[in-house]
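Below is one structure; the comments refer to it alone.
2 protein chains.
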Amino acid sequence: MEPAAAACPADGAPPEGTSAYLLSQLGALSARLFADRVAALDLTPPQAGLLRLVAAQPGRSQQALATQLGTPPSRMVGLIDGLEARGLLARRRNTDDRRLSSLHVTADGMALLAELGGLAVAHDGEVSAGLDDTEREQLHALLVRLAELRGLRPGVHPGFRGSC
Amino acid sequence: MEPAAAACPADGAPPEGTSAYLLSQLGALSARLFADRVAALDLTPPQAGLLRLVAAQPGRSQQALATQLGTPPSRMVGLIDGLEARGLLARRRNTDDRRLSSLHVTADGMALLAELGGLAVAHDGEVSAGLDDTEREQLHALLVRLAELRGLRPGVHPGFRGSC
DNA sequence: TATTGTTATACTCTATAACTATA
DNA sequence: TATAGTTATAGAGTATAACAATA
């Protein structure tokens, strides 16, 4: 079952070739490669994910996004500050309830998001390079199914750290 | 292509449903669930990975393992200290070259490793729960193939952080 | 002089809790 | 008083560089 474990003297050693282990290995690799790519755009993966989420759901409050992402509200501040300072994101004080600030992506932000799109396509190609079309489709279908089974939501990354 | 993206106002938004993205989502989830489980054994994922690696390749030096894991030697010290203090791992000064210390898993360490094995099996079941046998086999085969294509080695986790 | 392991230090990222302003 | 956002602070985890022992 093990690809190249050679002579393994440890009989009690846990199985390293499980799907769960491979998933975490490949996931970490994919996240690292993506981090390298977005770094070229001067973004961290959490920043990229947030930008994307705000674009998909404009106008929401910081608290709402924090809840959705499973992160403390205090963390949003720094992320948004960075994006706002670069003119990619904008806070707008809600006129009805001036405690809330609704978030929106600027035109510059949308332009960068388009770049991010191309980058994601290239990244996907890099990760699955070497698979033929059938394998690629099979893999994608299985991952989608698994993501649904585990209740993963499209724009929300578990942990929201290390990757988008 | 998107499972439940609802009305997505951002045309320029990058694709979130790529295999690479799903891989990183599911990988992060798998890593988190594994971390929860090994925490019950009072281990961090890096500690578990190191213990496993030493069991698979006993007698190697800290430098050799650090190189293999892609981590600075200084980091090995703390990890090994923790495992050695609990009697799971042992440093033995090399008699030929007393700069080197070769690492070995103790009997207690092997016992814990056996527990870790059972835990890994349960973890794997949890991650892939809901898939039928055919899907499970397909997924495993594809992940193994992808791991080989990307040059991932059995006991070496990319980043060696957050997961084993 | 070069190398192994160690220590000291600093940096990054994240979470917790206290604070303000609005309600 | 309760809530949204912010600030201050502390903690975990990691990397870099200096150090001591051995070769």
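Taken in order, these protein sequences are the chains called A and B.
Mapping of the first sequence onto the working numbering: position 157 corresponds to residue 157, and the numbering continues sequentially without gaps.
Just add 1000 to wherever you are in the second sequence, counting from 1, and you've got the working numbering.
Using N, Cα and C, we set each Cβ at its ideal position, and we do this for glycine too.
Taking 7 Å as the cut-off, the beta carbon of A141 (chain A) is found no closer than this to the beta carbon of S1030 (chain B). Rounded to the nearest whole angstrom, the C-alpha separation of G78 (chain A) and D1132 (chain B) is 44 Å. For D108 (chain A), no chain B residue has a Cβ inside 8 Å of its Cβ, as the nearest lies near 12 Å away. In this structure, the beta-carbon distance from R1060 (chain B) to H1123 (chain B) does not fall below 7 Å.
The residues A90 and R91, in chain order, have a CB closer than 8 Å to that of E84 (chain A) in the same chain once the five nearest residues on each side in sequence are set aside.
Within chain B, the C-beta atoms nearer than 7 Å to that of D124 (chain A) come from T1018, S1019 and A1020, in chain order. According to the DSSP assignment, H123 (chain A) belongs to no beta strand (DSSP E) but to the alpha helix (DSSP H) extending over A107 to V127.
For R60 (chain A), no beta strand (DSSP E) segment is defined, and its DSSP state is neither H nor E.
Membership of L1089 (chain B) in the beta strand (DSSP E) is indicated by the continuous run L1089 to R1093. Within chain B, the C-beta atoms nearer than 8 Å to that of G27 (chain A) come from L1023, S1024, Q1025, L1026, G1027, A1028, S1030 and A1031, in chain order. Using a 10 angstroms sphere on the CB of A1040 (chain B), the tally of other CB atoms stays under 16, which defines it as exposed. Straight across, the Cα-Cα distance linking V1156 (chain B) with T71 (chain A) is about 29 Å. The contact set of V1038 (chain B) on chain A, defined by CB atoms closer than 9 Å, is empty, because the minimum CB distance reaches about 10 Å. The C-beta of G1125 (chain B) has fewer than 16 other C-beta atoms within 10 Å across all chains shown, which makes the residue exposed.
For L1069 (chain B), the CB contacts under 7 Å within the same chain, skipping 5 residues up- and downstream, are V1156 and F1160 in chain order. Within the segment 112-137 of chain A, contact with chain B at the beta-carbon level (separation under 9 Å) is assigned to L112, L113, A114, E115, L116, G117, G118, L119, A120, V121, H123, D124, G125, E126, V127, S128, A129, G130, L131, E135 and R136. Chain-ordered, the chain B residues with CB closer than 7 Å to the CB of G155 (chain A) read E1016. Under the three-state reduction of DSSP output, H1140 (chain B) falls in the helix class. For the segment 84-110 of chain A, the beta-carbon criterion of a distance under 8 Å to any beta-carbon of chain B is satisfied by V105 and M110. Taking a Cβ-Cβ threshold of 9 Å, the residues of chain B close to L146 (chain A) are L1022, L1026, V1127, S1128, G1130, L1131, E1135 and L1139, in chain order.
Here V1054 (chain B) is near L1103 (chain B), since their CB atoms are less than 7 Å apart. A:L146 is the residue among A:A111, A:T67, A:R136 and A:L146 whose C-alpha sits nearest the C-alpha of A1129 (chain B). About 7 Å separates the beta carbon of R1052 (chain B) from that of L1113 (chain B), a gap short enough to meet the 8 Å contact definition. Each residue's CA atom was taken as its position, placing R86 (chain A) and A48 (chain A) some 13 Å apart. Annotation for E1115 (chain B): L1041 place their beta carbon closer than 8 Å to its own, counting only its chain and skipping 5 residues before and after.
Judged by DSSP in its simplified three-state form, L41 (chain A) adopts coil rather than helix or strand. With a contact defined as Cβ atoms closer than 8 Å, F34 (chain A) and P45 (chain A) qualify at about 6 Å. For L1149 (chain B), the neighbours in chain A by C-beta distance under 8 Å run, in chain order, A129, G130 and L131. Taking a C-beta cut-off of 9 Å against chain A, none of the residues of the segment 1060-1073 of chain B qualify. If you check the CB distance, G1109 (chain B) and L1088 (chain B) come in under 7 Å.
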